[in-house]
Structure formats: C-alpha cells, structure tokens
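Protein sequence lines correspond, in order, to chains A and B. For the first sequence, counting from 1, position 20 maps to 19 in numbering that gives the first Met the number 0; every step adds exactly one. For the second sequence, counting from 1, position 235 maps to 234 in numbering that gives the first Met the number 0; every step adds exactly one. Where a beta carbon is used, it is the ideal one built from N, C-alpha and C, also for glycine. Here the structure comes first, spelled out in structure tokens, and everything after it is commentary.
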Amino acid sequence: MPGPDGAGTAPVLSVSNLTVTVGGTAHPRAVVSGLSFDLRRGETLCLAGESGSGKSITSLAIMGLLPKPATRLASGTIRLGDTELTALPERALRKIRGDRIAMIFQEPMTSLNPVLSVGRQLTETILNHRDVSAREAERMAVEALDAVRIPRAGERMKSFPHEMSGGQRQRVMIAMALALRPDVLIADEPTTALDVTVQAQVLDLLRDLQKDFGTAVLLITHDMGVVAEMGNRVVVMRHGRKVEEGETKAFFQAQQTPYAHELLAAVPRIGSGPGRQAVRAFEKPLALEVNGLEVRYPGKGGVLWGKGMPVHAVKGVSFNIASGETLSLVGESGCGKSTTARALVGLAPYSGDVVLGGRNLGGRDAAGTKQAKRDLAMVFQDPYASLDPRMTAGDLVREPLDIHGIGTKSERRERVVELFERVGLSPDAPGRYPHEFSGGQRQRLAIARALALRPKVIVADESVSALDVSVQARVLDLLRTLQSEFGIAYLFISHDMAVVENISDRVAVMFDGRILETASRDQLFSNPRHPYTQRLIEAVPVPDPTRQRERRTLVPVLAAQGAAPLVEVEPGHWVATVH
Amino acid sequence: MALYLLRRLVQAALILLGVSVITFALLYLLPADPVRQIAGRSATVQTVENIRRQLGLDQPFLVQYGRYLLNLLQGDLGRSYLQRSEVAELIVARLPATLLLMAAGILCELVIGIAMGLWAAVRRGTPTDRALMVSSFVGVSAPQFVVGLLLLYVFGVRLGWLPISGYGTAAHLVLPALTLGLLGAGWYARMVRSSMIDVLRQDYIRTARAKGLKGSTVLFRHALPNAILPIVAMIGIDIGIFMSGVVVVESVFGWPGIGQLAWQAIQRVDIPIIMGVTLVSALAIVLGNLLADLIAPFIDPRIKLR
C-alpha cells in the first residue's frame, strides 16, 4: 500500500543544507543544522525524532513561518519545484502557503479559530487563493468536507469548532489543507492528540486522500508506529541533525546508527518489549478496594439559581489492587478514568466505597483524610504544570513531610536527599528549580514527591504520556524498581495500550464511566473479549511496516450502553455482556 | 433566552433593592442635617422641628425607608427638598445629556484604547510599544479633574479651538468626552495589548498564517475578535467607574447632566435627589452589564446564555 516510490521523478520539495539558528546573530545556536532531504510526488516522508530534534522547526521553515525574531534561517535552500522559497519575499510566499504547500497541526482543539464558523474558515482559504465567486468557494468547501467524510457536510458548514469532536476538527483541518489540492502537505503530529481509534480513522483518511490526489506528504511524528504505518521513507532527526534516512521497510529491519536502534528499542510494543512485566501472582492483603464508585459533577444553569442536570462521569466502578500489584485503567478521553483517579485522591466528591489498607475512606473525618493522603499519592501527567515553579526541587519533595510533621528538620533533609538518590536525580538537584530540569527529570521529581510519605498506593495518571519514548522507558523502569522495593500498589491510568501492556499485572478497560472488561494483562491482550477492547487494541499503530493492520473494517462506534453485569469468562477475566 | 432575561431582570431588581437600602442607611447615618439646609441658619427650633415632622424625618429608620420603598415601587422618587420639584422630572430632564456624554466617552475610550493596544501588541518590544504603554499609564494614573483642566486650558483657553464649557453643539462634547474616555482608554490599551499578545500566540493564528492570509486579515479577522472578548465584559463593569467620572467631568465642563445634579444635591444634603441619582446610576450599571453579556454570544459562539 505504499504509493509509487517515485524513483526517477524530480522531487516536489527539496530541502538542502538547511540550518536554522536561535539566539540572534550574536550567539547563534543551531536548532536545525545541515538538514537535507527530498520529497517526491505521491510519497510520504516521515520526519521522526524526539522532542527538541528540530522536526517542527523544519516544517515551519518550509512554510516560511519561523517565529521572528527568535529564530533565523541561517543557510540552506528550500525548493518547491523550480521555486526557491528562501529567496521569496513574504508577499510571494503567502501565495504559496495554503495553496501549493498546506499544513495541518497537532492540536485540533486549538488550531481552528473558535469564533469563526467552519464554513467561513474553509471558504476563506479558497477565496484567498482562487479567483472564484463566494458561491463557488462554498461548493468547493462542501466538497472538501465530503472528501474527509464529514457527514452532512452542507449543514456542518455553519458549525463552530467547539461543536465538533477532536477527530472531526482534525478532519476539517485536513479538508482545509487539501481543498486546493496542494503539491505538498505537511502534517505535524496530526494524530498525536487524538484517541487511538480516532487516530486510526484519520490515518486511513490521510492515506486515501493522498492516493486520490497524489499529494506529497511530509509527516512529522515521534510515533514509530505511525512511521511504520504511513511512511514510504523515513528521516530520523536528533539535535537538529539528520541521523539516518532510508526506506521504511529497510529501516525497521535494520538501523544503521546506534541512536535509531535505541530509539526503536525503547518503543513499547504490544506482545513484546524488553521491559515487559513478568507474570506475577498476588496474595491478599489488598492495598486498595473500590466498590461502586460514582462521581457526579453538578451541571450548570437552570431556572433562576437552580442547578441543571448533573454530569454522571463515573457510573459505578469497582476494582481492587493488591500490595505490589499494578492495575491499569485504560480507555479513551472522556471515559471517566481520570475522574476515577481524582475521586480516589479526594479531588472529586464521590459516592461508593474506597477501602484503603482496611480503612473505608467514604465517611472520612479530618484525621482520616490526612492519613489517607499519606497512604495514597498521585503523579500527574504534565511534569511542567504540576510542579510549583517558585519552589526548589528540595522544597517540593520535602513539603509533604512538613505538612504531616514527620521527623525533625535534619531528618527530613536526609529523607529528601535519600529520595533524590532513589529516583536517580543528582545530589545537587534539591537546590534547583523545576524549570532547570528536563521533562523526564521533572517526572522523577514528581515521583520522589509522591514517595515522600511511603504511600501504600500511587495513582499515576498518564504519568509517562508526555515523555519521549526513551525517557518514558527509563521512567517506567524506575516505577517498576520502586514497586519491587517498597511493595507499592500502582493504579496506572493511560490511554497508551502499549505502555499498559508493558507495566501492568492486570488491566481494566473503561468506557462511558463503566468498566467493560477486566482481566490479567495476558488474558486481555491475547484474548480480548469485549468488542470495544478488541477495537482499542487493534487501533494501535504497530512499529513494524510488514505487519499491516487487517483493521480496515473497524467495529462500528459503540453506543453508550447501559449498566451491563460483568460475567467471568475464565478465571480472573470479567467482561460486560454485549447487547 | 426569555428565561435567562427574566432571571437577569429579577437579579437586577434585587440589586437595586440592595443599593437602595445601603444608600438610604448611609444618608440616614450622615451627621449633616438636611432640615438645617432647608430651614436656613436663622430658623427657630420650632420651625426646624416642624419641617422635620413635615418631611417625616423624625420617624425611625425603618419607617422612613419603608415609606420610601413603597413610593419607589409606585414609580415615585419623591420631591427635592430644596428645588420644589419632582426628582423624577429633574432626572429625566438631565438624563439625555449624561447619556450622550457617556456614549461619546465610551466611544472615545474604545477607539483610542483598542487602537493603542493593537498597535502596541503588533509592535511588541519596540520603542513604539514602550511609548504607547507609558502614555497609557499616564492616562490611567492622572486624575480626571487634572486631565479635564489640562485639556480645557490647552484646547479651550490657549488654542481656542473648542468651547470651554456648556452644552448644545458637537464641539461642546469633544473635551468632556475625551476627558471621560482617556482614563478608560489607558486601561483598555493595556488589556487589549496583553490579550492580543496572548491571542497572537495561539495555534489558530498560526493556522491562519499557514493558509496564506494577509497580515491584516489575520490581525483583524482572526485575532481581534478573540482578543476583544474580555474587553466586552469589561465595558459593563466600566459603566460604574464611568458614573463617578461623570460627576467630576460634568462639574469641570459645566455639562448639564445628572452628575452635576448629584454634585449639587450632595453639597446641600438633598436626600431624595441623591437617592434618585444613585438608583438611576445603579440601574445603568446593571443594564450595561446585561447588555455586555447579551452581546458576548455574538462575538464568541461558545458562550451560551443560560
């Protein structure tokens, strides 16, 4: 299914010796240096690399949208057909942008203007580049929406972005980009912010449209699964330089550079992966027991000061975790997994029973709450936003000890040093501020903070999702080591099936506020019983171009189903009955 | 929508009730005696007591307030102690002048403020930006009577371009409206600048540029409507600040509006007029806020009135 390999034809887009610097002319520092690649008609070239590798800057340089004056195109050429883009004045570049080179971005939620209708944003592009009547532009816009398979395209023209789901918005972005049949489409992490099942649909769509229109696609991604699935060729970048380039199939069979090899090795895969959790058996006592947990958020509005309909985010969830065990809660956005976590740590009001170390937290008094906070710690997703930027790392980790009045001052200080050592941070780290750490180090800091009170349970809400794969692998390793050392139970919340497959002992799949299936890791991944679970696992892009998905026919979208009892289909494997 | 309006109007009525209680109580506690003002210095104790009884000012607070409220509910704002005419008539006669001044003032502050803010945001970090922000700071911090007198001196007295006081022609309106608007313009310039800088960083602005749109289109069609949202909400609140400005500006320029009426009434402890002007101002603020909230959904479709 890779398109024409295009050998022999002249490249549509040719980047050669591109260098982009930051820091002005006085102290220039290259963020992209000496980068060269060609993109041919009908081809998909993947620009892969971890954060900071310069892949997004490269795309902005091609568009002529480098943020000024922070970044500067220092040298190199970018040719579109016969046109040298770097020499063009802004006015001429504007004619090319959106017409011959179009771009789609990572965040479908924020990439469309919230105050303009979808139709307006689409026709605007068309009218900007084509000398057509407003009516003709509208017809073209509807056609573009049809092409990206938006149902009832004509009606949707009047919709505003907030009235659409993330997947639909990304389709609109694609429609906008492809309405004028550009020669080159630059897609910067186009599916990273989407749920896996939606990602699968959007990737399929991109591939189909490319086949129909013959567009050359420059796909920027950090996800090796997406590379394997979409790319004809791949360019791996690191620190602004090209590390490796090759045909996708050959690349996945054998990497020529150690970096590319490491990068691929670090990618968590379903059914393998070196860091995979061994099968373990757990005895009681249970560290955490959750029974019939429900969370309702009050709705807004109503007559005068009354309340509206409450939002029922979690509709009766039950599970338990033994000491030293990892239970993963998986599901797509909006399924209630994060709300469950918030309820457990006392950030959301709930009903139902939460039994922690034999103590029911339901009717907890002030002292009980404080004790519960000692036994239950949380590590959040965003290591940038969840640490107070005005506190030093040492203070951040010591704060829980202060709050609970544990030990003397010097004992606390010793404990902090010990914790830093435990999570692999250097001894000078306590004096530094969060912004002086990298993403992975910050997440270590968050883990040290969670460990400070020797909790029985740690709730990790998407704790490795924002990290690069190589960093992710190391943080997961750390979590495992700490678990075997202290016997902590993890409730691991994630949307990433591959990560879940690596770290979990047991997995629970959530949908629409309920658990649909719960089983041991091996049972769930080798023998998923619920159609939704099957779909979730199949949708994950596999970092192996030879193993093409046979998932053309995806199970139709599951309607929100009512409370269905869980039935045990094999020992320890419970599935909700399907209607 | 109808339900929303109903709810807001009920809220407005409650707010006005609260304002009337507080103002009435404050005036009751005031050490100045309105009866003394009416009777004059030479009046006998007997005359003073007679007038007091006549006006019902010898009654306890609750009786006085109850009586006022009953009249108010019937649309009667009472009679002025000194001017021997209905408060409602006095206010109605002067309201158009004040509304005209306020409208012109708001227009001034919006046009000047948004233009300055937009310009500063686009030229962010340059000397232009700094100069604009310094002048906006001057606008914010200079007291209105100083700004008013300064404008009056420069354009009225020295240059002789505009009349120094009075009412009637468009030329009369310029200086008072400018004085009123400059304070707010400084605020808006700063708000628009920061809001605009924030919006210009958004992903959808990058999208707009990636579509190949002209700089001005990106700025006015994609950025400005988003940046202006917090400003619209501000205008409602602003009317309150405006009302206090109106009192000063009308006095400085001899503008025959309710601000001047209030100023005279306060000096003479003419309680019915003070009450009337306060309630009308409160009503203006409440309605201004309502109007701002009603406009918001037209700018931002995400806002739903409930």
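Residue pairing of residue 15 of chain A in beta bridges, as defined by DSSP: A/76. Secondary structure of residue 409 of chain A (DSSP, three-state): helix. Per the coordinates, the alpha-carbon of residue 511 of chain A lies some 7 Å from the alpha-carbon of residue 333 of chain A. Chain-order list of chain A residues neighbouring residue 299 of chain B: 113 and 114, by C-beta distance under 8 Å. Spanning the alpha carbons of residue 160 of chain B and residue 253 of chain B requires a straight line of approximately 18 Å. With a cutoff of 8 Å on beta-carbon distance, residue 491 of chain A and residue 503 of chain A are scored as near each other.
Residue 264 of chain B and residue 276 of chain B do touch by the CB rule: their CB atoms are close to 7 Å apart, below 8 Å. Between the beta-carbon of residue 244 of chain A and that of residue 234 of chain A there is about 5 Å, and that keeps the pair under the 8 Å contact cut. Contact annotation, residue 248 of chain B with residue 143 of chain B: C-beta distance approximately 6 Å; criterion of less than 8 Å satisfied. Chain-order list of chain B residues neighbouring residue 238 of chain A: empty, with the shortest C-beta distance near 24 Å, by a criterion of under 9 Å.
Remark: C-beta atoms of residue 17 of chain A and residue 31 of chain A approach each other more closely than 8 Å.
Against chain B, the CB of residue 97 of chain A has a partner CB under 8 Å away; the residue lies at that interface. In the DSSP assignment, residue 185 of chain A falls within the unbroken beta strand (DSSP E) covering 183 to 187.
The DSSP assignment places complete alpha helix (DSSP H) segments of no fewer than 4 residues inside the region 237 to 303 of chain B at 257 to 266 and 270 to 298, in order along the chain. Contact check for residue 235 of chain B against residue 292 of chain B passes: the beta carbons are separated by less than 8 Å. Taking C-beta atoms under 8 Å as the contact rule, residue 100 of chain B and residue 179 of chain B qualify, at a distance of about 7 Å.
Around residue 189 of chain A, the same chain offers 103 as residues with beta carbons nearer than 6 Å, after the five sequence neighbours per side are excluded.
The region 292 to 360 of chain A contains, as complete alpha helix (DSSP H) runs of 4+ residues, the segments 336 to 343 (chain order). Residue B/108 holds the alpha-carbon nearest to the alpha-carbon of residue 177 of chain B among B/8, B/108 and B/195. DSSP, reduced to helix, strand and coil, places residue 384 of chain A outside both helices and strands of the structure shown, so it counts as coil.
The continuous alpha helix (DSSP H) containing residue 139 of chain B extends over residues 126 to 140. Contact annotation: in the region 43 to 76 of chain A, residues whose CB is within less than 7 Å of a CB in chain B are 62 and 64.
In the structure shown, residue 196 of chain B adopts helical secondary structure according to DSSP, grouped into three states. Put simply, the CB of residue 212 of chain B is near chain A, with a gap under 8 Å to one of its CB atoms. For residue 258 of chain A, the enclosing alpha helix (DSSP H) has its first and last residue at 257 to 265. For the region 184 to 208 of chain B, residues whose beta-carbon sits nearer than 9 Å to a beta-carbon of chain A comprise 201, 202, 203, 204, 205, 206, 207 and 208. DSSP lists A/573 as the beta-bridge partner residues of residue 567 of chain A. When the alpha-carbon of residue 508 of chain A is set against those of A/421, A/417, A/340 and A/331, the nearest one is in A/331.
Residue pairing from DSSP places residue 45 of chain A in a beta bridge opposite A/218 and A/233.
If you compare the alpha carbons of B/207, B/213, B/255 and B/279 with that of residue 113 of chain A, the shortest gap goes to B/207.
The DSSP-derived three-state label of residue 85 of chain A is helix. Interface annotation, residue 94 of chain A: in contact with chain B, CB-CB separation under 8 Å. Rounded to whole angstroms, the separation of the alpha carbons of residue 537 of chain A and residue 170 of chain A is 21 Å. Rounded to whole angstroms, the Cβ separation of residue 165 of chain A and residue 197 of chain A is 7 Å, and the two are in contact under 8 Å. Going by beta carbons, residue 34 of chain B and residue 50 of chain B fall inside the 8 Å limit. Of all residues in the region 221 to 245 of chain B, the ones placed with a Cβ closer than 7 Å to any Cβ belonging to chain A are 221, 224 and 225, in chain order.
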